[in-house]
Structure formats: structure tokens, C-alpha cells
Amino acid sequence: LTSVSTAKAAAKSAASSATKAKPASRIVGREDVIDRVVRDGGAQGSDRDTDGPAASPLSGVGVGGLAQMRKAYNGGAPTWTRSGEEHSEGESEPERETPNPPGNRRPSVGSADAPGGDLADEWAEIEARTNEIREKEAEDRGRIRANDDIVTTPISFQEVNQWLLQMPVDQDVIQQFKDDMMERKTFCCMMSRGSVSDIPGLDRKLARDKDLVLFLKSVDFDFNEPTHFRMLRTAYTKLTRNKVCPMIGKHWEVLGFQHTDPRTDINRSGRLLNVLHFFFFFSHHFDILKSAYLLAQDTEQNFPLGCVCINLTKMVVETLIDGRLSRLCNSSEKGVFDTTCRVFSGALFHFYYRWKSQKRTIRDTELTFKEVRALLEKSPKKLIDGLKRGIEEQKAKTDPGRFEFTDLDFTGRRPQGGGGGGGGQPSAAQA
Numbered sequence: 003l004t005s006v007s008t009a010k011a012a013a014k015s016a017a018s019s020a021t022k023a024k025p026a027s028r029i030v031g032r033e034d035v036i037d038r039v040v041r042d043g044g045a046q047g048s049d050r051d052t053d054g055p056a057a058s059p060l061s062g063v064g065v066g067g068l069a070q071m072r073k074a075y076n077g078g079a080p081t082w083t084r085s086g087e088e089h090s091e092g093e094s095e096p097e098r099e100t101p102n103p104p105g106n107r108r109p110s111v112g113s114a115d116a117p118g119g120d121l122a123d124e125w126a127e128i129e130a131r132t133n134e135i136r137e138k139e140a141e142d143r144g145r146i147r148a149n150d151d152i153v154t155t156p157i158s159f160q161e162v163n164q165w166l167l168q169m170p171v172d173q174d175v176i177q178q179f180k181d182d183m184m185e186r187k188t189f190c191c192m193m194s195r196g197s198v199s200d201i202p203g204l205d206r207k208l209a210r211d212k213d214l215v216l217f218l219k220s221v222d223f224d225f226n227e228p229t230h231f232r233m234l235r236t237a238y239t240k241l242t243r244n245k246v247c248p249m250i251g252k253h254w255e256v257l258g259f260q261h262t263d264p265r266t267d268i269n270r271s272g273r274l275l276n277v278l279h280f281f282f283f284f285s286h287h288f289d290i291l292k293s294a295y296l297l298a299q300d301t302e303q304n305f306p307l308g309c310v311c312i313n314l315t316k317m318v319v320e321t322l323i324d325g326r327l328s329r330l331c332n333s334s335e336k337g338v339f340d341t342t343c344r345v346f347s348g349a350l351f352h353f354y355y356r357w358k359s360q361k362r363t364i365r366d367t368e369l370t371f372k373e374v375r376a377l378l379e380k381s382p383k384k385l386i387d388g389l390k391r392g393i394e395e396q397k398a399k400t401d402p403g404r405f406e407f408t409d410l411d412f413t414g415r416r417p418q419g420g421g422g423g424g425g426g427q428p429s430a431a432q433a
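Residue numbers are given in my numbering: position 213 of the sequence shown equals residue 215, and the series is strictly consecutive.
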């Protein structure tokens with residue numbers, strides 16, 4: 003019985019020692035490369051082969067910083083071990099397979115071939131460009147720089163004229179306009195007035211200039227076209243003396259448009275030709291336009307200047323198609339477009355002059371339009387002549403030669419040979 007108990011105790015002791023010698027199997031994660039570098043780097047001066055078992059992916063770290071350390075860490079070979087396969091304290095660490103053989107060695111992080119080297123070069127280029135911009139700003143400090151935004155730059159009529167000379171005329175747009183005009187006419191009007199393409203009395207050599215006017219009347223005003231916006235913006239900023247002029251806003255109502263978007267009024271009739279006629283008057287007769295603008299803001303005699311100009315452009319185009327401007331166009335040296343601009347200017351001046359001299363109000367708008375239309379149909383040249391007289395009268399008012407100057411003596415001295423009361427006898431010299 004004693005021997006049996008001793009055998010059972012010995013078997014139990016052997017099983018317990020076997021369990022302690024072989025622990026349960028578990029997966030251990032990859033060894034931290036950074037910890038291994040810190041541990042292995044403690045012994046300075048030790049000679050290690052780059053491709054040896056103790057080789058570290060961070061052999062070149064030191065120049066690249068944290069970003070390069072991460073790259074090297076992510077590029078390290080994964081090493082998976084089991085706890086049952088761990089070596090004892092007396093045994094040496096088993097050799098690991100080198101991820102890159104000597105013939106295909108991974109470049110060091112600090113070298114130019116490494117990905118971190120490209121990143122460092124990129125940041126170096128950015129830093130150099132930043133320093134260059136700072137130096138340029140320091141040099142230009144206190145200087146007036148050129149305006150890079152072409153839209154905010156004022157435009158002249160000479161520039162607009164050059165733009166018109168380079169504008170291609172789309173015959174399809176003109177044909178569409180002619181077809182629309184023919185549909186609006188009755189059969190009687192078609193027999194009497196003829197085709198739009200054949201303006202009565204107009205010289206055939208002016209056909210291209212005539213097509214340009216019809217094309218401008220058919221092209222929509224567009225804020226996205228810089229020249230379109232610059233014309234309207236230049237007139238607004240100079241008349242109102244405001245530097246800020248957004249595309250949409252209530253500020254356009256000051257010029258006499260009915261909506262916050264002037265395209266609603268402009269593109270209803272006349273389209274781009276409306277703006278060109280208005281800008282022609284603005285460029286050549288600014289003082290008169292300024293006076294008309296101020297009169298349009300009057301509390302009693304106010305009127306919508308922009309809408310008035312649109313209606314006048316419509317009248318001018320109708321008289322052109324009817325052939326009532328053919329004689330002026332044929333005698334003009336600058337063609338059809340310039341003639342329509344001058345006739346429009348005369349019509350606008352006549353409207354302004356009658357409105358101001360007759361003390362008219364908004365109730366007299368239709369009456370004034372009828373007077374302008376009558377002159378356009380019967381004698382459009384009178385409108386141009388009336389504008390010339392208005393310009394001469396305005397120049398005469400500001401001419402310094404018309405003023406008479408008198409020498410005034412405020413010293414209190416009496417005239418020679420005379421008494422103070424005026425009752426004395428004149429001297430012999432005065433007699």
C-alpha cells in the first residue's frame with residue numbers, strides 16, 4: 003500500500019513538471035523595431051554587419067526625423083514567434099531571414115533613393131519657394147502693384163472700339179433676328195417696308211457695318227464677358243463715385259434699372275447695343291450725362307435713366323430698319339454703328355433737355371418719348387444738331403472769358419478833387 007501511494011505521488015509530480023516545462027501556446031506580436039534599436043544601440047562601438055541578424059531597418063535614421071522612422075518601421079520584416087519556441091537565457095537568438103538579400107538591399111532612409119529622401123526634397127523646394135515669395139513681398143512693400151483683376155479696371159471707348167473691330171459677326175444670329183422681325187410684321191408692312199436685310203436707301207458697302215449693329219442688338223449682355231461688365235461698371239463707378247460694384251444688387255437701381263439684375267432690362271430689348279449706346283454717350287458727353295443722372299435722382303423730376311436709354315435704343319434701331327437713317331449713314335465717314343451712336347446721343351440729350359426745361363415729372367414720360375420719336379422719323383439730324391448746340395452752351399457757361407472783372411478799392415480813400423458828401427464843386431481838371 004505504501005509503494006502504491008509513493009508511485010502515485012511520483013506520477014503526479016512528473017505531470018506537474020511537464021506542465022510547467024511546456025506552457026500553453028499563444029501568438030506573440032511583432033517585436034517593436036524601435037525598442038530593438040534602442041536596446042541594440044546601447045553598446046557603442048560594436049561591429050555589426052548590415053545584413054546580419056542584428057541589422058536594423060533604422061540604420062540610417064537620424065537625419066529624417068519621425069516621418070522617416072515610421073517609414074522604416076513600416077518597412078521592417080514581420081517576425082512572428084511562439085512562446086513555446088522561445089530560446090532559453092543561455093542560448094543565442096536564432097538567426098532571422100534577411101528580408102532583402104545583399105544584392106537587393108533596401109536603401110537607407112537618409113539616402114536619396116529612399117522614399118523619405120523624395121519627401122525631404124519636396125519640402126526643401128516648398129521652403130525655397132516660400133522664402134522667394136517673402137523676399138519679393140519685402141521688395142514690393144510700399145509700392146503700387148498692378149491690378150491683376152481686369153474686370154475692376156476702367157475701360158475706355160477706344161478699347162471698346164478695338165474690341166468691336168475684332169468681333170466676328172455670326173450670320174446665323176443675324177438671320178434669326180431677320181426672321182423674327184419678318185414674323186412680327188403684317189403683310190402690309192412687308193410690302194411697304196421690304197426685307198430687313200435690304201434697308202431702304204442704305205449703301206451696299208455698309209452691309210457689314212449694318213450687320214454688326216443687328217448682331218449687337220441680338221447678342222445678350224453677359225456679366226461673364228469682361229468687356230460687357232467693364233463698360234457698365236466703369237459708367238457706374240464714375241457716375242456714383244463708388245468703387246464697389248458687384249454684378250447683382252440694389253445698387254443698379256440708382257442707374258435707373260428696375261431690378262437688382264440689370265440683365266433683366268437690358269436683354270429684353272436691344273441687348274448689348276443698349277450698353278454700347280449708353281457707354282458712347284458716357285465717354286463723349288460725360289458732363290451732360292452727369293447732369294442727367296443727377297436730375298434722375300431729383301425728388302420731383304426723377305426718372306429711370308437706364309430704362310429711358312433702352313427705349314431710345316429701340317427707337318433708333320426701328321428708324322434704322324425703316325431706312326430713315328440711311329442718308330446719315332451714307333454721309334458718315336465712320337459707318338452705321340457710329341451713326342446710331344450719335345443719333346442715340348442726340349435723342350437722349352433731347353429727352354433730358356425737355357425734361358429739365360419743361361419741369362416734367364414721371365407722368366410726362368410718354369409725352370417726351372413721342373417728341374423724340376417724331377424727330378427720329380422726320381428729321382433725325384435735328385437731334386444731332388441739338389446736341390451740338392447743347393455742348394456749345396455748356397462750354398460757354400464754363401468759359402472764363404465771359405466773366406468781367408472790376409477793380410474794387412476797399413481802402414476808403416476819397417477820389418481826387420472831390421468832397422466826401424458829393425455836393426462839392428468839380429475841380430478844374432474835372433470840368
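We put the CB at the ideal spot given by N, CA and C, even for glycine.
Check your understanding: For Arg265, which residues of its own chain have a beta-carbon under 6 Å away from its beta-carbon, when the five flanking residues on both sides are left out?
Key -> Phe223
Review point. Do you know how far the Cα of Arg131 is from the Cα of Pro80?
Key: The predicted model places Pro80 with a pLDDT of 48, which falls under 50 and marks its position as unreliable; any figure quoted below should be read in that light. Computed Cα separation, rounded: 40 Å.
Point to revise | Alpha carbon of Glu434 to alpha carbon of Leu296, nearest angstrom | key: In the structure displayed, the chain extends from 3 to 433; residue 434 sits before or after that span and is not available.
Exercise for review: Pick helix, strand or coil for Gly258, following the three-state DSSP scheme.
Suggested key: coil
Review point. Looking only at C-alpha atoms, which of Trp165, Glu161 and Asp205 sits nearest to Arg326?
Key: Asp205
Practice item. Would you identify the three-state DSSP class for Met184, choosing helix, strand or coil? Key: helix
Exercise for review: Using a Cβ-Cβ cut-off of 8 Å, state whether Gly403 counts as contacting chain C.
Suggested key: Considering every chain present, this structure includes no chain C. It has just one protein chain.
Review point. Can you tell which of Gln303, Met184, Gly337 and Thr413 has the C-alpha that lies nearest to the C-alpha of Leu214?
Key: Gly337
Review point. When DSSP labels each residue in this structure, what does Gly308 get in the three-state scheme?
Key: helix
Review point. How would you call Gly92, buried or exposed, if buried means at least 16 neighbouring beta carbons within 10 angstroms?
Key: Because Gly92 carries a pLDDT of 46, less than 50, the predicted location of this residue cannot be relied on, and no value is offered for it.
Check your understanding: What number of angstroms, rounded off, separates the C-alpha of Ser48 from the C-alpha of Arg136?
Key -> Note that Ser48 has pLDDT 49, beneath the 50 cutoff, so the model's placement of it is unreliable and the number below is only indicative. Distance between the alpha carbons of Ser48 and Arg136 is about 48 Å.
Review point. Taking the alpha carbon of Arg375 as the point to measure from, which residue in Asp401, Lys180 and Phe346 has its own alpha carbon closest?
Key: Phe346
Point to revise | Under the three-state DSSP convention, the category Gly325 falls into | key: coil
Practice item. Find out if the Cβ-Cβ distance for the pair Thr341, Cys331 is shorter than 8 Å. Key: yes
Review point. Cβ atoms of Phe217 and Val175: under 8 Å apart, would you say?
Key: yes
Check your understanding: Under the rule that 16 or more other beta-carbon atoms within 10 Å means buried, what is Gly403, buried or exposed?
Key -> exposed
Point to revise | Among His279, Thr301, Arg232 and Asp172, the one whose alpha carbon lies nearest that of Phe339 | key: His279
Review point. Under a three-way DSSP split, which group does Pro264 fall into?
Key: coil
Check your understanding: What first and last residue would you give for the alpha helix (DSSP H) that runs through Thr229?
Key -> Pro228 to Thr242
Review point. Is Arg273 helix, strand or coil by DSSP?
Key: coil
Practice item. State the DSSP-derived secondary structure class of Gln168, mapped to helix, strand or coil. Key: coil
Exercise for review: Please report how far the alpha carbon of Lys1 lies from the alpha carbon of Ser285, in whole angstroms.
Suggested key: Nothing about residue 1 can be reported from this structure: the residues present for the chain run from 3 to 433 only.
Point to revise | Cβ distance (whole Å) where Phe305 is taken to contact Trp357 below 8 Å | key: 7 Å
Point to revise | Val256 vs Thr242 beta-carbon contact at 8 Å | key: yes
**Study point:** Straight-line gap, Asp182 to Lys252 (C-alpha atoms, nearest Å)
**Key:** 33 Å
Practice item. Measuring alpha carbon to alpha carbon, tell me which of Thr370, Val162, Thr367 and Glu335 ends up nearest Leu275. Key: Val162
Check your understanding: Got a sec? Which residues, its chain only, sit under 8 Å from Val153 by beta carbon, not counting five neighbours each side?
Key -> Pro228, Phe231, Arg232 and Arg235
Point to revise | For Asp142 and Asn244, the rounded distance between their alpha carbons | key: 27 Å
Exercise for review: On a CA-only basis, which of Asp387, Gly203, Ile312 and Ser381 is nearest Ile268? Give me that one, please.
Suggested key: Ile312
Check your understanding: Distance, Cα to Cα, Thr301 vs Lys390?
Key -> 29 Å
Review point. In this structure, does DSSP put Met249 in helix, strand or coil?
Key: coil
Review point. Where does Ser334 sit, in a helix, a strand or coil, going by DSSP?
Key: coil
Practice item. Could you spell out the range, first to last residue, of the alpha helix (DSSP H) harbouring Leu291? Key: Phe288 to Ala298
**Study point:** Continuous alpha helix (DSSP H) stretch holding Glu302: start and end
**Key:** Unbroken run through Glu302: none, as it is neither H nor E.
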